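**Q** Residues 0 to 250 in numbering that gives the first Met the number 0 are what the sequence shown spells out, letter by letter. Using N, Cα and C, we set each Cβ at its ideal position, and we do this for glycine too. Quantities reported herein were computed from a predicted structural model and do not represent experimental measurements.
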Amino acid sequence: MRKPLIAGNWKMNKTIAEAVELTESLLPGAASATVETAICVPFTALQEVGRVLEGSSLALGAQNMHEEESGAYTGEISPLMLNELKVTYVILGHSERRMYFAETDRTVNGKIRSALRHGLRPIVCVGESLEIREAGTQKDWVKDQILQGFEGISGDMLERITIAYEPIWAIGTGRTASSAQAEEMCGFIRDLMGRMYGENAACGVRILYGGSVKPDNIGELMSMDNIDGALVGGASLSAADFTALMNVGAE
Ligand code: 13P
Numbered sequence: 000m001r002k003p004l005i006a007g008n009w010k011m012n013k014t015i016a017e018a019v020e021l022t023e024s025l026l027p028g029a030a031s032a033t034v035e036t037a038i039c040v041p042f043t044a045l046q047e048v049g050r051v052l053e054g055s056s057l058a059l060g061a062q063n064m065h066e067e068e069s070g071a072y073t074g075e076i077s078p079l080m081l082n083e084l085k086v087t088y089v090i091l092g093h094s095e096r097r098m099y100f101a102e103t104d105r106t107v108n109g110k111i112r113s114a115l116r117h118g119l120r121p122i123v124c125v126g127e128s129l130e131i132r133e134a135g136t137q138k139d140w141v142k143d144q145i146l147q148g149f150e151g152i153s154g155d156m157l158e159r160i161t162i163a164y165e166p167i168w169a170i171g172t173g174r175t176a177s178s179a180q181a182e183e184m185c186g187f188i189r190d191l192m193g194r195m196y197g198e199n200a201a202c203g204v205r206i207l208y209g210g211s212v213k214p215d216n217i218g219e220l221m222s223m224d225n226i227d228g229a230l231v232g233g234a235s236l237s238a239a240d241f242t243a244l245m246n247v248g249a250e
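1. Can you name the residues that DSSP bridges to VAL89?
2. Helix, strand or coil for VAL19, going by three-state DSSP, please let me know.
3. Can you give me the start and stop residues for the alpha helix (DSSP H) that GLY7 sits inside?
4. Could you name the residues of the same chain whose beta carbon sits closer than 7 Å to that of SER113, not counting the 5 residues immediately before and after it, in chain order?
5. Quick one: what does DSSP say ARG205 is sitting in, helix, strand or coil?
6. Starting from LEU244, trace the alpha helix (DSSP H) both ways and give me its first and last residue.
7. For ALA58 versus THR87, is the C-beta distance shorter than 7 Å?
8. Considering only C-alpha positions, which residue in the set ILE188, ALA239 and ASP215 is nearest to ALA227?
9. Taking three-plus beta-carbon pairs below 8 Å as touching, is the segment 235-242 in contact with the segment 189-196?
10. Decide if GLY118 is buried, meaning its Cβ has at least 16 other Cβ atoms within 10 Å, or exposed.
11. Quick check: ILE76 and THR36, are their CB atoms within less than 7 Å of each other?
12. Would you check if the distance between the CB atom of GLY49 and the CB atom of LEU84 is smaller than 7 Å?
13. Given the structure, does SER128 come close to the ligand 13P, in the sense that its CB is under 6 Å from one of the ligand's heavy atoms?
14. DSSP beta-bridge partners for TYR251?
15. Tell me whether ILE111 counts as near the ligand 13P, meaning its Cβ is closer than 6 Å to at least one heavy atom of that ligand.
16. Going by beta carbon distance, what residues of the same chain come within less than 8 Å of MET11, once the five residues before and after it are set aside?
17. Closest to ILE122 by C-alpha separation, out of ASP224, TYR208, GLY186 and GLY154, would be which residue?
18. Just the C-alpha distance for VAL141 and CYS185, rounded to the nearest angstrom, thanks.
19. According to DSSP, simplified to helix, strand and coil, what is THR14?
20. DSSP three-state label for VAL331, please.
21. Just to confirm, does ASN216 get its C-beta within under 6 Å of one of the non-hydrogen atoms of the ligand 13P?
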């Protein structure tokens, strides 16, 4: 059975001191959560946040990595560096990376393969722009992102991968996809996984929704058959909101 995941993506927010403070305030809520939980923090805060998380169920994640282990790649962070910091998850192919840093499906594919080789758990982001949604070609777009992003990745690796469907028009806009829209795409992604890897593997793969997820819409999103949690931006920066999100479904 798929265990839901609520993951926070802090993006480029929080100094080390602020990150430690927020993490400490998330520990009680993470301890009572019945879902899996993670926070993906800036590189600079990984070490200190990792210390705070020791012994807790809240997992540590990064927001990007380079596919090579080392070399002349100024400003980049390698999988070995993340391993050393005991990082569990790494977000790959976020739309902001694709949009502002020219990441392509090809580079995302290299990163996924590298993350898997190094024992990291990739959270692979896909999703369409407003323009594509309005043209009605969002499924073709996401299918392409997945076909290219997953090239060379074998079915036995799927259990280590989480997919996050994040429509760009819903990110940071307050405009959440309706639960029906989110479910339709997450179901489509699962069907596609089924065609690529077989029914069993597709049933086991965890698919998140991301884009303006808040305590007041998480319940409905999570009640959908094919939505196994959320990748949360803005609301993960508030201890109260993220605590509520981590405890979705709890009494
Ligand atoms: P918001 O929750 O701020 O819309 O961001 C979503 C996101 O991009 C998570 O990766």
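**A** Looking at the atomic coordinates:
1. Here residue 89 refers to the residue found at position 90 of the sequence shown. Its beta-bridge partners are ALA61 and PRO121.
2. To locate residue 19, count along the sequence shown from 1; it is residue 20. Correct three-state label for VAL19: helix.
3. Looking up residue 7 in the sequence shown gives position 8. From DSSP, GLY7 is part of no alpha helix (DSSP H) but of the beta strand (DSSP E) over 4-8.
4. Locating residue 113 in the sequence shown gives position 114, counting from the first residue. Only GLU66 and PRO78 meet the Cβ criterion.
5. As a first step, residue 205 is located in the sequence shown; it is residue number 206 there, counting from the start. The answer is strand: DSSP assigns ARG205 an E or B state.
6. Here residue 244 refers to the residue found at position 245 when the sequence shown is read from its first residue. LEU244 -> alpha helix (DSSP H) spans 238-245.
7. Taking the first residue of the sequence shown as 1, we reach residue 58 at position 59. Taking the first residue of the sequence shown as 1, we reach residue 87 at position 88. Yes. Within cutoff.
8. Residue mapping note: residue 227 aligns to position 228 of the sequence shown, counting from 1. According to the sequence displayed, residue 227 carries Asp and not Ala. It is ILE188.
9. no
10. Indexing the sequence shown from 1 puts residue 118 at position 119. Its Cβ having fewer than 16 others within 10 Å, GLY118 is exposed.
11. Residue 76 sits at position 77 when you count from the first residue of the sequence shown. Residue 36 sits at position 37 when you count from the first residue of the sequence shown. Taking 7 Å as the Cβ cut-off, ILE76 and THR36 do not qualify as a contacting pair.
12. Sequence index remark: in the sequence shown, residue 49 carries index 50 (1-based). Sequence index remark: in the sequence shown, residue 84 carries index 85 (1-based). In this structure, LEU84 lies closer than 7 Å to GLY49 by Cβ.
13. Here residue 128 is taken as the residue at index 129 of the sequence shown, counted from 1. SER128: no, Cβ never under 6 Å from the ligand 13P.
14. The first residue shown for the chain is 0 and the last is 250, placing residue 251 beyond what the model contains.
15. For the purposes of this step, residue 111 is taken as the residue at position 112 of the sequence shown. Checking the Cβ of ILE111 against the ligand 13P gives no.
16. For the purposes of this step, residue 11 is taken as the residue at position 12 of the sequence shown. The residues are PRO41.
17. Position 123 of the sequence shown, counted from the first residue, corresponds to residue 122. For ILE122, the nearest C-alpha among the options comes from TYR208.
18. Working through the sequence shown from its first residue, we reach residue 141 at position 142. Working through the sequence shown from its first residue, we reach residue 185 at position 186. Using only the alpha carbons, I get a separation of about 10 Å.
19. Counted from its first residue, the sequence shown places residue 14 at position 15. Three-state DSSP puts THR14 in coil, outside helix and strand.
20. There is no way to answer for residue 331, as the model of the chain reaches only from 0 to 250.
21. For the purposes of this step, residue 216 is taken as the residue at position 217 of the sequence shown. Because no heavy atom of the ligand 13P lies under 6 Å away, the Cβ of ASN216 does not count as near it: no.
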